[in-house]
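The next block holds one structure in the form of structure tokens; read it before the comments.
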Amino acid sequence: MRTLKYWQAIAEGLVQGMERDPDVFVMGIGVDDHKGVFGTTGEAFARFGPARVFDVPIAEQAMTGLAIGAAAMGKRPVVVHPRTDFLFLATDQMINLAAKWRYMYQGASEVPIVVRSIVGKGWGQGATHSQSLQSLFGHFPGLQVVMPALPRDAKGLMLAALQSRAPVVILEHRALYETEGPVPEAPEVTPIGTAAVLRPGRDVTVVAASAMVLEALAAARQLEPLGVDVEVVDVRSARPLDTETIVASVIRTGRLVVADTSWPTYGLAAEVAALAAERAMGALRAPVKRLGLADCPAPVSLPLERVFYPDSTTIAAECLATVGRAAAELSARPVEESSFRGPY
Amino acid sequence: MRTLKYWQAIAEGLVQGMERDPDVFVMGIGVDDHKGVFGTTGEAFARFGPARVFDVPIAEQAMTGLAIGAAAMGKRPVVVHPRTDFLFLATDQMINLAAKWRYMYQGASEVPIVVRSIVGKGWGQGATHSQSLQSLFGHFPGLQVVMPALPRDAKGLMLAALQSRAPVVILEHRALYETEGPVPEAPEVTPIGTAAVLRPGRDVTVVAASAMVLEALAAARQLEPLGVDVEVVDVRSARPLDTETIVASVIRTGRLVVADTSWPTYGLAAEVAALAAERAMGALRAPVKRLGLADCPAPVSLPLERVFYPDSTTIAAECLATVGRAAAELSARPVEESSFRGPY
Amino acid sequence: MTSKPAPRRGRKRLGSRRRQPAGSTSPKSEFLRRLYYELLRVRRIEEKLALLYQEQEMRTPAHFSIGQEAVAVGVCAALTAQDVIYSGHRCHAHYLAKGGNLGGLVAELYGRETGCARGRGGSVHLTDISVGMVASSAILAQTVPVAVGSALAFKMDASPRVAVTFFGDGAVDEGVFYESLNWAALKRLPVLFVCENNLYATHAPIWVRQPKGTEIYRRAQAFGVPAEKIDGNDVFAVYQSARRAVERCRSGQGPALVECLTYRWLEHVGPLDDTDRGYRSRRELDAWKRRDPVKVAARQLGALGVLTPPAIQEFEAQIAEEIAKAVAEGKQAPWPDPRDLLRHVY
Amino acid sequence: MTSKPAPRRGRKRLGSRRRQPAGSTSPKSEFLRRLYYELLRVRRIEEKLALLYQEQEMRTPAHFSIGQEAVAVGVCAALTAQDVIYSGHRCHAHYLAKGGNLGGLVAELYGRETGCARGRGGSVHLTDISVGMVASSAILAQTVPVAVGSALAFKMDASPRVAVTFFGDGAVDEGVFYESLNWAALKRLPVLFVCENNLYATHAPIWVRQPKGTEIYRRAQAFGVPAEKIDGNDVFAVYQSARRAVERCRSGQGPALVECLTYRWLEHVGPLDDTDRGYRSRRELDAWKRRDPVKVAARQLGALGVLTPPAIQEFEAQIAEEIAKAVAEGKQAPWPDPRDLLRHVY
Ligand SMILES: Cc1ncc(C[n+]2csc(CCOP(=O)(O)OP(=O)(O)O)c2C)c(N)n1
Ligand SMILES: Cc1ncc(C[n+]2csc(CCOP(=O)(O)OP(=O)(O)O)c2C)c(N)n1
Ligand SMILES: [Mg+2]
Ligand SMILES: [Mg+2]
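Chains as they are written, first to last, in our numbering: chain A, 173 to 516; chain U, 173 to 516; chain R, 900 to 1245; chain P, 900 to 1245.
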């Protein structure tokens, strides 16, 4: 299969979704400019023009309301936010209206909007350009929340979102944009609400989301030579969460580490740990461990960013701990010098 | 000790806090009208007048920003929302600014605002007048979130909030407003971040929040004749959560039921269950159970409201299950006819 | 699958539910009588609902529009069944004036499965897609941008449909209102903003919330939205203004705003008088009652020779019958089945 | 305990960091020279930072103000050290013009412990409480209501202090801006809204976001906020307008807005030219460069006989020295200790 970068997969999914359904349109800051939201909307703009891909006033709340009102008339609006943090301005429309619409009006109409947003990380993104809101949106019945980690799911979940009856939040991760992977050319949907076991393993389950999936896979590789066999589960959807797949894996391995892109407290890591406590308790052979952001807002300075974000080594250390071994056995992974050039 | 109603305790805490600190002022919809936010601001208005208790334009986002800007200049604003659901409009200011302020500017200044809001329940409050946002606000470092259940803590936590250096969210519960309990006359603080074991018990721990605390106590009474001894822990603060008290209780009883006023998924119930999975796993003798709202927006119609909200009987049934007994042993608690008259 | 609202075409016109009693019979006078009929009908329904509300069997906070009906009726008379409307918490009159099913409203207030939102939405979440009443909601100003979005869809489809948003002077305090004005004007969208300025939000008079000397309609003008302020208690004035605005919208000239000055007779939420609570005076209410939109319309039409006392009596009888039936049915209607609690969540 | 900002009283006036070179010596001309000095200083600092930024050692998205400095300098010259300012993402110039510590800015960009936010905030979260630069933030329009809140505190304390909020034409799209105008006018608060209209938000020209024919300052007027639009590249015009507005504020007459027309020379974020990207033209930039605020000011003062080429040269030398020192120190400054990661969370 040919490979695509994550951003290319998003772009392709969007274009195929727009081909399929003439009611899809895209609006957001800079969707039609030369950068095209880091490359993800440029092709759609080139193909479908300003009637279906257009720039907007910077008014996140109204934009979301507009999307809802257009959706109620049969459109399928895709709203794009260059940073997930801006969504706080849209939470009333998303949670108090879109999420509840079908229920409050009991199916009289539906508002299948798609809200795309990008989670920032590193290079001094700082406290308000780096947040990932899966647990916030996941808490409310009526929304679907997806978090693609691999390029194929970036495309597949985009296509799924464009066909869902529910309002869907897509949380993309900026740190994944340049990662590559196989992506089918056909418009293959990744079903919303399904997790994926990306690597089977016997000893410990790592349930991970978004960018942490790649860290989990790296951790699994780090642990291979030490004889610890890690199963990596990519949640893919934060709501609905694929509880069957997660619980089955935990029951198989008897050990659970959860690695999320947000804070553990009241986070996705808490939800997954709670699932284990409810439904896999008898099988657990070690305490569950949650990993996520350090318990502070995101700092800017590099040495602080380095300790703020968990990585594969942190995950590997916790996996070792669940089998009663010491993190000291791990050789430190060299800090990778990224080719990234600012200002982001 | 004399007894007060919950709303009276709030009113008294507010007045004593305002006496103590001339920088405290109160703003919000209707804080100065004849209803005085269900009685909680009337006395403060009578005592301190319109200079310190005043009505506002209906603009939740700006109001929160104003509070922050006044706090940065040394004031202690108390912002009041008649329903917690309106806070979605203020999440950007609360989470992207107030919560992060001290950290982002590294202590150069602080913005100790107090955000009071009331959680609605029943009598057809419906989907957007009934939400409780503890897990949403609890997820973000930099905020404190309290949820008084008893009148004494309604006062004590109000006083604590007015002395905290952090921005504090107080989630009051409308269904508790007419409940009564002993309240000290002195301005005694309930320390933020401390849970309370309201009833010691041997067999099962019920960790409950806000209105569910009263249901948990009722469940404990229902189970007494059946020989099941329930320990009831009132979380009181959702952030910081008193993990020591919670974990110690779970380790003591070996069983855990969590009862929250919001949805279990990504909720406070998840966080508490996760704590048990991380720190009390070895002691657990039964799967953890989470209780909260049914997984849909709040309906209006009475027969639906009745099944939407868990109550003491639901809690009691789950407690029985943790000790391997059947809910059938419970005699149904009669539906209490409330003396409440609409429209709320 | 999205349900595209496909409003019933050719639904009966305003007031045509029954044959009209005689009087002048030109199409114009027929139309004027229908306006009056509709106005009277909304008034009588709300009065009845307010009465029944006191039995404490409608467990849903209800905001009555008594005194303000001319806005809903006048504006909706300027719309076709294909046009859509949105409203806020005070939405019964808008729902009814757009042709929303009465039985569906009554049953909704009683929390029944036959309610327009099947007892899930309550008084503040009315919908009747078949007549273009898309949604009302309980969060202030929330449906304002939503109406703009529907207008965006109409414009994208080159459809002649128009979207209307009804909101109060309190919603004007919210920032999203201005975001919406800006957007509508920028994209020249066929949306009509109808501000029902009843001088109060809850118990706060407008001067506690908006600077003295400023005008809501002038704010709209600053965004390039043509706007005027009119007597909201004169159903014919409302109709005329709305008609001009809707024509503008339909002909692709973009949005408009109509600020309708009016007054709420009952308490903010609930069925009672509240002039003894201190925030407004009996005097003020009485002055406004002298400008009762129903009586004003009757006087105007009487003077034109278009409406006679017997005609009014016949209207009253028809309306009373319709209401009695809807109430009887609503009270008897089945409750939602608790097993359906989770229906219509994704 | 809250830290009440207690701005250093009697801090040195603008440009007085060094003895000024001769020329006309009246207080007025002295003041005018100081304005020029400040303008030149902000320009040279930003130029140097933009150059250094290309070394990829400042890991923080930075929005340079080159071309727009006259707004910051002109407004801050009308303020006292007790007055406070707030800004958004494009905040270096505001921080500097208000007297913010240069070393603190440079070190912040380098992510060092000696930065004004100790490396936790970065380019978009500047603060120097000692001079009344309270906060800048990266969310559009976020600090607009915050400034209004500080003004509310001043009014409650009957203090003569004034709060200023700097924001762009893009922030004007956000609803909270109007909520803030409404509030400020309603309560007659001593707050000055300064809109730096540089005709673009990111890559979107203003006409893509705001209806043609509308004016930002007129929107403010519709809320009862006195407002005017001025040449934002003329530091003296800005100063005059700001001074009048600040006097209004200080004398209890309420808020004002100044819309300053100006232009950004560099890309939206980052240190480079971007006229080859298609969203704006080299021609347009060149036209604006002919109205370079620094050169305009030099010409004006030269014509008045207040500023001589040798004086400018001496200014340049002083500034270069100050910058060199700050940069050297910033690059050498200690990094935050990772063990302090959780400091200053509650
Ligand atoms: C966002 C939000 N804030 C506050 C409220 C509480 N609230 C309900 S109705 C109302 C007053 C509305 O006033 P107005 O818009 O003038 O409508 P009216 O009731 O006068 O018809 C308020 C403040 C709300 N529903 N939503
Ligand atoms: C709420 C929010 N939405 C979007 C953004 C992304 N963003 C950052 S700067 C900018 C443009 C700002 O334009 P303007 O206010 O005119 O300031 P300028 O950059 O021109 O100085 C945008 C859209 C943001 N930071 N915050
Ligand atoms: Mg009103
Ligand atoms: Mg700009």
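Beta carbons: idealized from backbone N, C-alpha and C, even for Gly.
Could you check where the alpha helix (DSSP H) with residue i kicks off and where it finishes?
i, result
"A/PHE309", "306-310"
"U/PRO249", "Counting along the chain, U/PRO249 falls outside any alpha helix (DSSP H), though it belongs to the beta strand (DSSP E) covering 248-253."
"U/MET235", "232-244"
"P/HIS993", "991-996"
"R/SER1049", "1042-1055"
Short check: CB of residue i to CB of residue j, under 9 Å?
i, j, result
"A/VAL340", "A/GLN303", "no"
"U/SER289", "U/ILE364", "no"
"R/GLY1021", "U/VAL472", "yes"
"R/VAL1134", "R/LEU1156", "no"
"U/LEU428", "U/VAL444", "yes"
"U/MET384", "U/THR433", "yes"
"A/VAL251", "A/MET276", "no"
"R/ALA1126", "R/PHE1076", "no"
Closer than 9 Å, CB to CB, is residue i near chain A or not?
i, result
"R/PRO920", "Below a pLDDT of 50, predicted positions are generally treated as unreliable, and R/PRO920, at 49, falls in that range; the measurement from the model is reported next regardless. Not one chain A Cβ lies under 9 Å of R/PRO920."
"R/SER902", "Low confidence applies to R/SER902: its pLDDT is 40, below 50, so where it sits in the model is not reliable, and the reading given next is rough at best. Yes, R/SER902 lies at the interface with chain A (some Cβ there is under 9 Å from its Cβ)."
"P/ARG1019", "yes"
"P/SER1022", "yes"
"P/HIS993", "no"
Please tell me whether residue i has its Cβ less than 9 Å away from any Cβ of chain P.
i, result
"U/ARG274", "yes"
"R/PRO1263", "The first residue shown for chain R is 900 and the last is 1245, placing residue 1263 of chain R beyond what the model contains."
"A/PHE197", "no"
"R/ALA1084", "yes"
"R/PHE1066", "no"
"R/VAL1075", "yes"
Starting from residue i, follow the beta strand (DSSP E) in both directions and report where the run begins and ends.
i, result
"A/SER409", "409-411"
"A/MET384", "A/MET384 -> not in any beta strand (DSSP E); alpha helix (DSSP H) instead, spanning 383-395."
"U/PHE258", "First-last for U/PHE258: undefined, no H or E at that position."
Compute the beta-carbon to beta-carbon distance between residue i and residue j, rounded to the nearest angstrom, for a pair I have assumed lies under 8 Å.
i, j, result
"U/ILE230", "R/ARG1108", "7 Å"
"U/MET173", "U/PHE220", "Between U/PHE220 and U/MET173 the Cβ distance is about 26 Å, and since that is not below 8 Å, they are no contact."
"A/SER281", "R/ILE984", "About 13 Å; that fails the 8 Å criterion."
"U/GLY518", "U/GLY208", "Past the edges of chain U, shown from 173 to 516, lies residue 518 of chain U, and the structure says nothing about it."
Just checking: is the beta-carbon of residue i within a distance shorter than 9 Å of some beta-carbon in chain R?
i, result
"U/LEU476", "yes"
"A/ASP264", "yes"
"P/THR1042", "no"
"P/GLN1152", "no"
"A/ALA223", "yes"
Please confirm if residue i has its CB atom under 9 Å from at least one CB of chain U.
i, result
"A/GLN316", "no"
"R/GLN1231", "no"
Residues from the stretch 1172-1187 of chain R in contact with chain U, defined by Cβ distance under 7 Å: ARG1176, GLY1177, TYR1178
Of the residues that make up the stretch 324-345 of chain U, which ones have a beta carbon closer than 8 Å to any beta carbon in chain P? SER336, ARG337, ALA338
Give the residues from the stretch 300-314 of chain U that approach chain P closer than 7 Å (Cβ to any Cβ), ordered along the chain. PRO313, GLY314
Name, going along the chain, the residues of the stretch 282-299 of chain U whose beta-carbon falls closer than 7 Å to a beta-carbon of chain R. TRP295, GLY296, GLY298
Any residues in the stretch 234-246 of chain U with a beta carbon nearer than 9 Å to a beta carbon of chain P? Which ones, in chain order? ALA234, MET235, THR236, GLY237, LEU238, ALA239, ILE240, GLY241, ALA242, ALA243, ALA244, MET245, GLY246
Of the residues that make up the stretch 1087-1101 of chain R, which ones have a beta carbon closer than 7 Å to any beta carbon in chain A? none
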